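Engineer: Can you read through this structure? Questions will come right after.
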Amino acid sequence: MKNILYSVTCFFVFSSMSYADQMTATKSGCAGCHQIAMKTVGPAIKDIAAKYTATDIDGLVTVVKAGKKSGELIWGSIPMPASPAPEADIKKVIEWMLTH
Ligand code: HEC
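Start counting the sequence shown at 239; every next residue gets the next number (our numbering).
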């Protein structure tokens, strides 16, 4: 019984954690251009997760903060605007993206 309670609690803690990160992605404007499984304006979150690992997180935070202009693009021909979101939120969203 204890074990069941423990797993149920873990389930809620972890699912609400990822929900919170998804809310940060929405609040930070990332979700408008990045969908989980489908390339829209920006690359799919799954494709970003397939290309990068945890050691790339800090570099990606810098990239997202600065935005990407034509000439720097590697996914297509659409630039990414510099993000006005707080750095801690950007980092949280990228960490969340890489879990997909
Ligand atoms: C207006 C649309 C738009 C918004 C908003 C946006 N992105 Fe992007 N993002 C793009 C595009 C387009 C690319 C592909 C750039 C390229 O071709 O190199 C991209 C690329 C990326 C990459 C991969 C960068 C690389 O060099 O491989 C990451 C990570 C990323 N975005 C994260 C974010 C996060 C986090 C946010 C929110 C803070 C965000 N994006 C907001 C359009 C957007």
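Where is the CB? At the ideal position from N, CA and C, for every residue including glycine.
Model, not experiment: these values are computed from the prediction.
Pull up the distance between the alpha-carbon of Ile312 and that of Ala292, whole angstroms please.
Structural biologist: What you label residue 312 is simply residue 74 of the sequence shown in a count that begins at 1. What you label residue 292 is simply residue 54 of the sequence shown in a count that begins at 1. Each residue's Cα considered, the two are about 19 Å apart.
Engineer: Could you pull out every residue in the same chain whose Cβ sits closer than 8 Å to the Cβ of Ala287, ignoring the five residues on either side in sequence?
Structural biologist: Counting from 1 along the sequence shown, the entry for residue 287 is found at position 49. Contacts found: Met335, Leu336, Thr337, His338.
Engineer: Beta-carbon within less than 6 Å of Met318's beta-carbon, same chain only, minus the 5 sequence neighbours each way: which residues are those?
Structural biologist: Position 80 of the sequence shown holds residue 318. Once the five neighbours on either side are set aside, the close Cβ partners of Met318 are Gly305, Lys306.
Engineer: I need the DSSP call for Met335, collapsed to helix, strand or coil.
Structural biologist: Locating residue 335 in the sequence shown gives position 97, where the first residue counts as 1. Helix, per DSSP.
Engineer: Mind checking whether the beta-carbon of Ala258 lies closer than 6 Å to any heavy atom of ligand 1?
Structural biologist: The count along the sequence shown starts at 1 and reaches residue 258 at position 20. Incorrect: Ala258 has no Cβ contact closer than 6 Å to ligand 1.
Engineer: Taking DSSP as the reference, what is the three-state secondary structure of Met261?
Structural biologist: If you number the sequence shown from 1, residue 261 lands on position 23. Helix.
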